[in-house]
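Note sheet for the following structure.
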Amino acid sequence: MSKFTIAIHGGAGTILKSMLTPELEINYNQGLQEALNAGYAILEQQGTSLDAVVEAVKVLENNELFNAGKGAVFTNEGLHEMDASIMDGSNLMAGAVAGVRNIKNPILLAKEVMLHSGHVILCGNGANEFAKTRQIETASDEYLFNQYRYDQWVDIRDSEFYQLDHKEDNLKSFLEKEKKFGTVGAVALDQHGHIAAATSTGGMTNKRYGRIGDSPIPGSGTYANDHTCAISCTGHGEFFIRAVVAYDVSCLMEYKGLTLKEACDIVVKDKLVKMGGEGGLIAIDRLGNYELSFNSEGMYRGVKTSDGYNQVSIYKD
Ligand code: ASP
């Protein structure tokens, strides 16, 4: 049996132990484990890394603890506009949707875009129209609604601020200390030696309507190339777009011959930090090396390998 591995994230940011109740911590860990198991089961049955990352992300989208699908954050107009993307490292095919509304699992739509649209990115109404032609399941605003995220939005909807994913009475202190990004993502290596990446998000709370983050942009929030690595990012999207984060890691490996770890360290812990770009990423290469790298206080994350290693974590070690 060839080696296989799946890694996932459920967002990075200022996630401190003091901020989560024991019960919430258990729920987050359970949610991460369920997603890992779903992706791992596909890999175990010799399925593709592409199907594994879709399945893992789907489980996280269906869990309202995470900011993707059910439980997605609100725009400045009080709507859910979701972004998602997927990339297949075996052939560099990619598909993405941006600013889609009322789609239950945006990652499934991104996969359809990749396989059946002849395009790479579809946005807004065009993406929703395409969803109808592919029989993609829709979801009502009520289904996507989450009270906690609604309250977060109500707190800042009259301000120019965006990005909080956690409620705090004092807005200033919140913005300085308690930034949290709840995007979800997965990367996997399958038994056929191929890697893939997928990312899905509601974006950032109170984002301007029409704003598109890094998650649906191949090369920024998501990237996969069998010759280098598969990456899914989470963090302040504007920085990740400008730093072309996912592709930068790949380029450092391809053109400079760096290892996965060396490339991730440079991009996440040096380049992004200097720019002020808070967040992290998960990465894997075709040898099964993986990295769960972040420059924030924490990142919901997990990894499960065919060697029997299984771990979910939240805080900095
Ligand atoms: N990167 C996402 C965005 O900017 C946010 C996140 O990671 O939670 O839309």
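In terms of this note's numbering, the sequence shown has 16 at position 16, counting the first letter as 1, and numbering is strictly consecutive.
Even glycine gets a Cβ: it sits at the ideal position worked out from N, Cα and C.
Because the structure is a prediction, the values reported are computed rather than measured.
#1: For Asp285, which of helix, strand or coil comes out of DSSP?
#2: To the nearest angstrom, how far is it from the Cα of Tyr28 to the Cα of Tyr315?
#3: CA-CA distance, Thr228 and Asp158?
#4: Leaving out the 5 sequence neighbours to the left and right, which residues in its chain are closer than 8 Å to Leu252 when beta-carbon positions are compared?
#5: Given 8 Å as the limit, is there contact between the segment 117 to 135 and the segment 44 to 63, that is, 3 or more CB pairs closer than that?
#6: Identify, in the order they occur along the chain, each residue of the same chain with its Cβ nearer than 8 Å to the Cβ of Leu272, setting aside the five sequence neighbours on each side.
#7: Which two residues bound the contiguous alpha helix (DSSP H) that contains Gln147?
#8: Take Leu292 as the anchor and find which of Trp153, Ala230, Phe66 and Asp226 has the nearest alpha-carbon.
#9: Once the 5 residues before and after Gln311 are set aside, which same chain residues still bring their CB inside 7 Å of it?
#10: Inspect the beta-carbon positions of Asn146 and Gly71 and report whether they are closer than 8 Å.
#11: With a 10 Å radius around its C-beta and 16 neighbouring C-beta atoms as the bar for buried, classify Ser250 as buried or exposed.
#12: With distances taken from CA atoms, which of Ala94, Lys104 and Ala98 is nearest His116?
#13: Looking at Gly185 and Thr199, is the spacing between their C-beta atoms short of 8 Å?
#14: Counting C-beta neighbours from all protein chains within 10 Å, is the total for Asp317 16 or more, i.e. buried, or is it exposed?
#15: Please classify Ala72: does DSSP put it in a helix, a strand, or coil?
#16: Around the C-beta of Lys274, are 16 or more other C-beta atoms found within 10 angstroms, so that it is buried, or is it exposed?
#17: Please state the DSSP three-state secondary structure of Lys321.
#18: If you compare alpha carbons, which of Ser90, Glu297 and Asp214 is closest to Gln191?
#19: Comparing alpha-carbon positions, which option in Ile282, Thr21 and Glu297 lies nearest Ile8?
#20: Which residue's Cα is closest to the Cα of Ala224: Cys233, Lys207, Asn206 and Ala197?
#21: To the nearest angstrom, how far is the alpha carbon of Glu297 from that of Leu50?
#22: Quick check on Met82: buried or exposed, where buried means 16 or more other Cβ atoms within 10 Å of its Cβ?
#23: If I follow the unbroken alpha helix (DSSP H) through Thr133, where does it start and stop?
#24: Nearest to Trp153 by alpha carbon, out of Arg208, Ile212 and Gly288?
#25: DSSP puts Asp83 in a beta bridge; with which residues?
#26: How should Lys17 be labelled, buried or exposed, when 16 other C-beta atoms within 10 angstroms of its C-beta is the threshold for buried?
#27: For Tyr40, which residues in the same chain have their Cβ closer than 7 Å to its Cβ, ignoring the five residues on either side in sequence?
Walking through what the data contain:
#1: coil
#2: 12 Å
#3: 44 Å
#4: Leu258, Glu262, Ala263, Ile266 and Val267
#5: no
#6: Gly235, Phe239, Phe240, Ala243, Val245, Glu278, Gly279 and Asn295
#7: Gln147 to Ile156
#8: Ala230
#9: Gly302 and Val303
#10: yes
#11: buried
#12: Ala94
#13: yes
#14: exposed
#15: coil
#16: exposed
#17: Here the chain comprises residues numbered 1 to 317, so residue 321 is not present and cannot be evaluated.
#18: Ser90
#19: Ile282
#20: Ala197
#21: 30 Å
#22: buried
#23: Gly124 to Thr133
#24: Arg208
#25: Thr201
#26: exposed
#27: Ile6 and Lys304
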